[in-house]
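The listed protein sequences correspond, in order, to chains R and G.
Quick note, the first sequence lines up with residues 101 to 162 if you use my numbering.
Quick note, the second sequence lines up with residues 163 to 891 if you use my numbering.
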Amino acid sequence: MRERVARAGRGVRWYLRQVTGEAKWDEYVDRCEREATTPTSRREFERHRSEHRETSPSSRCC
Amino acid sequence: MATSTTSRTLSPKPGRTPRSMLVWGLVAAVGAVCWVVLALSRGEEVSALWVLFAALSSYAIAYRFYARFIAYRVLKVDDTRATPAERLENGVDYDVTDRRVLFGHHFAAIAGAGPLVGPVLAAQMGYLPGTIWIIVGVIFAGAVQDMVVLFFSMRRDGKSLGQMVREEIGLVGGIAALVAVFAIMIIILAVLALVVVNSLAESPWGVFSIGLTIPIALFMGFYLRTIRPGRVLEVTVIGVALLLLAIIGGGYVEQFGLSDALTLSPETLTVALVIYGFIASILPVWMLLTPRDYLSTFMKVGVIVLLSVGLVIARPMLENEAVTDFATNGTGPVFAGKIFPFVFITIACGALSGFHALISSGTTPKMVAKESQVQMIGYGAMLMESFVAISALIAASVIDQGLYFAINSPAGATGGDPATAAEFVRTLGFTISPSDLTSAAASVEEQTLISRTGGAPTLAFGISLIFAEAFGGGLAAFWYHFAIMFEALFILTAVDAGTRVGRFMLQDSIGNVWPKYADISWKPASWSASAVVVGLWGYMLYVGVTDPLGGINQLFPLFGISNQLLAAIALTLCVTLFLKHGLTKYVWVPGIALAWDLTTTMTASWQKVFSSDPKIGYFEQRSTFQGSIDDGKVLAPATTIDQMQQIVFNSTLNGVLQAVFALLTLIVLGSAIPIWVRAVRAGGVPTTEVPHHTSELVAPSDFFATAEEKAAVREWEESRRLSGTGGRR
């Protein structure tokens with residue numbers, strides 16, 4: 101039972117991090133590790149992402 | 163590096179086990195019982211749960227059978243084909259995304275205030291017409307459109323609706339579609355803003371809480387930018403907590419001595435909203451738009467979950483009649499016109515929304531991992547949107563109907579005073595005493611509820627009834643303002659995002675003749691384009707706010723029809739592509755949706771332009787009022803000649819817009835028909851579809867992965883690990 105609750109909790113956390121885009125950073129760090137390159141700072145990375153959002157507006161519907 | 167597992171197509175048929183046949187038989191039985199109860203109950207109390215479960219079981223069956231049929235038999239989704247996300251992956255636009263995550267993104271993008279407002283207004287015709295259209299419409303039209311557009315756009319590297327119309331139908335149609343999209347967007351923004359203005363006017367509590375969302379969002383923006391970059395979850399938790407405090411704090415505006423300062427007239431709010439809209443749309447997105455988007459999405463999902471739980475716990479009875487007299491005589495005060503075609507126009511987004519075609523051909527198709535996922539993302543998300551509409555319809559139908567009409571009739575009719583409003587409601591055939599009207603307003607700590615049109619106050623009142631009943635604690639006023647906050651919040655987000663999209667479209671179009679103007683980082687261009695877009699919707703908003711006949715009453719039909727006309731353009735494209743692809747046998751799939759949508763919208767447009775009933779026809783309205791001006795007479799509900807002239811002007815403007823929208827749609831349809839004929843004769847013609855590239859990716863199709871899919875994914879991940887390519891990014 102406790103095992104199940106913990107699993108569900110992890111699932112929810114995973115989902116929320118994915119949906120909000122918070123997990124993008126982890127993916128980026130993982131990739132850098134695989135490719136043996138040094139990641140930039142998180143601040144730089146997030147700035148880069150928000151600059152992209154600036155130029156590609158996504159519509160919110162009615 | 164193709165391995166043996168990569169080319170496998172997972173079986174589309176889960177097989178007919180006795181267990182699945184039993185389960186689906188049960189779902190069908192529940193649905194059938196609910197529909198029979200709804201069909202046969204007249205003049206007796208009906209529980210809202212019948213509506214809820216009729217909807218849920220119909221959705222389940224439609225999703226399992228019809229959507230699956232369209233995906234596998236008609237469109238023939240092909241999981242051996244690489245999607246644009248896989249082929250063109252750049253981690254930015256094109257990005258293979260987990261199907262459940264993409265479902266969340268897509269739903270957040272399509273869901274807005276429309277499905278909440280439309281059903282509330284349509285409740286004037288009873289709960290049954292709305293219920294039937296929301297459910298039948300989504301199954302055969304709305305969800306089909308969303309899924310099919312998503313599929314075709316995905317097969318074309320995520321091209322936009324406008325681009326596809328231009329390339330598949332032709333330049334003229336393409337330009338007409340582009341103009342229609344832009345104009346319709348302006349109307350939508352104006353009507354949404356009007357809903358906010360109507361829910362905040364004369365409501366210091368509402369203004370206080372909504373006003374505080376701006377500093378809260380700014381704080382979140384700076385937090386994410388400078389204090390702890392990227393920690394979205396923690397800042398959203400903080401933001402939501404502050405938001406709840408802002409709602410609670412609103413209850414104390416009187417004690418704070420802010421009551422008078424925050425009691426704003428609709429005109430003042432309009433000016434404030436226009437200034438806000440302009441500033442918000444030129445600020446960097448990280449400051450305001452992105453953080454507020456997190457807040458509004460979380461609030462929205464939270465309210466939907468609470469509402470469905472609340473409905474099941476509270477099990478409210480429907481106060482509304484199944485079908486009111488207004489359905490057949492067309493004289494309802496909320497909006498004029500008979501059930502056909504106006505109930506379809508008014509419900510709009512909850513059953514079929516042309517705007518979704520823009521989302522389904524925008525960001526979503528560039529993120530789909532596997533073709534077969536279009537069923538859950540396109541069709542599934544739209545079913546959820548429809549469920550929101552059903553909840554809104556229920557919330558509006560559990561309110562005492564005398565109160566419903568007092569809230570939703572224009573001020574010109576109710577006189578704005580409890581005594582006159584009670585008298586007006588009596589003439590409609592309902593009863594409510596002036597003191598009941600006053601105490602209803604007092605119960606949610608509003609100064610008045612009379613003529614609070616626009617749907618939001620009605621919905622908020624219904625939600626507060628359901629929540630107060632379900633969760634107890636005498637918190638009706640809190641829940642009312644909670645609901646107002648949640649609606650206003652995502653309308654503001656939609657207005658901000660919509661203004662930006664409109665600005666980009668404008669810059670892009672002008673950029674065709676003056677390339678420098680298309681440079682989005684060039685301030686003079688972006689500021690002036692923003693000003694134009696804000697100016698346009700702000701102007702329409704002002705027209706609506708000051709309309710003596712009641713802005714919602716006048717503008718909402720325009721909004722509904724334009725949205726449905728956009729759907730007609732999208733469905734015309736779907737039919738065109740079906741025929742070009744040689745899917746003539748199945749052309750009825752988008753065809754019935756298109757035929758019905760054209761029937762309702764063209765009838766409605768015709769009536770709005772040519773009807774000889776001044777309550778319906780804009781031009782008849784114009785000539786009635788102009789005639790009285792010429793005779794020097796003032797005609798109710800106008801009280802001065804100035805107001806008369808205003809009505810004449812507004813009616814002309816609305817009538818012209820209405821006619822233009824219908825014409826643009828007919829141009830698109832007219833340029834498509836010759837292509838249909840050619841395609842049918844030839845048995846299919848080439849399209850811009852990207853050729854087959856073999857997919858290497860393995861991912862499940864539906865919400866829940868089958869054991870077979872899980873094994874395939876595991877095997878694939880294992881093989882990638884061994885070959886050293888690693889996990890996906």
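Glycine included, each C-beta is placed from N, C-alpha and C at the ideal position.
All values reported here derive from a predicted model rather than from experimental measurement.
query                                                                                                                                                                                 : result
Val606(G) by DSSP, collapsed to three states: which one?                                                                                                                              : coil
Nearest CA to the CA of Pro610(G): which residue from Gly636(G), Gly634(G), Thr593(G), Asn570(G)?                                                                                     : One detail in the question is off: residue 610(G) reads as Thr in this sequence, not Pro. Closest option to Thr610(G), Cα to Cα, is Asn570(G).
What residues are listed by DSSP as bridge partners for Leu480(G)?                                                                                                                    : Val208(G)
Listed in chain order, which residues of the region 447–472 of chain G have Cβ atoms closer than 7 angstroms to some Cβ of chain R?                                                   : Val447, Trp448, Thr452, Tyr456
Please report the residue range of the alpha helix (DSSP H) in which Ser522(G) lies.                                                                                                  : 516–522
Between which two residues does the alpha helix (DSSP H) holding Met893(G) run?                                                                                                       : Here chain G has residues from 163 to 891 only, and residue 893(G) is not among them.
Alpha carbons only, please: which of Met449(G), Ser182(G), Gly697(G) is nearest the one belonging to Pro377(G)?                                                                       : Met449(G)
The alpha helix (DSSP H) that contains Cys118(G), what's its start and end?                                                                                                           : Here chain G comprises residues numbered 163 to 891, so residue 118(G) is not present and cannot be evaluated.
Quick one: what does DSSP say Thr259(G) is sitting in, helix, strand or coil?                                                                                                         : coil
Cα-Cα, which of Pro246(G), Leu380(G), Met806(G), Leu826(G) is closest to Thr398(G)?                                                                                                   : Leu380(G)
Quick one: what's got a C-beta closer than 6 angstroms to Pro686(G)'s C-beta in the same chain, skipping five residues either side?                                                   : none
Is there at least one Cβ from chain R nearer than 9 angstroms to Gly524(G)'s Cβ?                                                                                                      : yes
Tell me Thr856(G)'s beta-bridge partners as DSSP assigns them.                                                                                                                        : Arg243(G)
For Arg317(G), which of helix, strand or coil comes out of DSSP?                                                                                                                      : coil
Inspect the beta-carbon positions of Lys532(G) and Asp759(G) and report whether they are closer than 9 angstroms.                                                                     : no
Taking the alpha-carbon positions, what's the Thr582(G) to Ile437(G) distance?                                                                                                        : 36 angstroms
If you drop the 5 nearest sequence neighbours on each side, which residues of the same chain put their C-beta closer than 6 angstroms to that of Ser523(G)?                           : Val311, Ser315, Ser322, Leu323
Only counting the same chain, and skipping five residues up and downstream in sequence, which positions put a Cβ closer than 7 angstroms to that of Tyr642(G)?                        : Val606, Ala622, Phe623, Ser626
Could you give the residue range of the alpha helix (DSSP H) that holds Gln118(R)?                                                                                                    : 102–120
Check distances from the C-beta atoms of the region 654–674 of chain G to those of chain R and list, in chain order, the residues that come in under 7 angstroms.                     : Thr655, Ala656, Ala659, Gly660, Arg662, Val663, Phe666
When you compare the region 214–228 of chain G with the region 290–305 of chain G, are there three or more beta-carbon pairs, one atom per stretch, that lie closer than 8 angstroms? : yes
Is there contact between the region 708–724 of chain G and the region 677–692 of chain G, where contact requires at least three CB pairs shorter than 8 angstroms?                    : no
Go to Glu144(R), then tell me how far its alpha helix (DSSP H) extends in each direction, as first and last residue.                                                                  : 142–155
Once DSSP output is grouped into helix, strand and coil, what is the label at Met326(G)?                                                                                              : helix
Hey, Ser361(G) and Thr661(G) are a contact pair by Cβ (cut 8 angstroms); roughly how many whole angstroms apart?                                                                      : With a Cβ gap of about 20 angstroms, Ser361(G) and Thr661(G) do not count as contacting.
Is the region 543–556 of chain G touching the region 348–365 of chain G in the sense that three or more CB pairs, one from each, lie closer than 8 angstroms?                         : no
For chain G, find out if any of its Cβ atoms is closer than 9 angstroms to the Cβ of Arg143(R); answer yes or no.                                                                     : yes
How would you write the range of the alpha helix (DSSP H) that Cys736(G) sits in, first residue to last?                                                                              : 713–742
Report the rounded CA-to-CA distance for Thr171(G) versus Ser559(G), giving the unit in angstroms.                                                                                    : Its pLDDT being 47, under 50, Thr171(G) is placed unreliably in this model, and the coordinates cannot settle the point.
Exposed or buried, Cys196(G), counting other C-beta atoms within 10 Å across all chains shown (16 or more means buried)?                                                              : buried
For Tyr414(G), does the count of other Cβ atoms within 10 angstroms reach 16, so buried, or fall short, so exposed?                                                                   : exposed
Mind checking the region 228–246 of chain G against chain R and listing, in chain order, the residues whose C-beta falls within less than 7 angstroms of any C-beta there?            : none
Return the CA-CA distance between Val282(G) and Gly617(G), expressed in angstroms with no decimal places.                                                                             : 6 angstroms
When burial is assigned at 16 or more other CB atoms within 10 Å of the CB, is Pro710(G) buried or exposed?                                                                           : buried
Between the alpha carbons of Arg153(R) and Ala285(G), how many angstroms are there, rounded?                                                                                          : 39 angstroms
Tell me which residues share the same chain as Ser365(G) and place their Cβ nearer than 7 angstroms to its Cβ, disregarding the 5 neighbours each side in the sequence.               : Glu608
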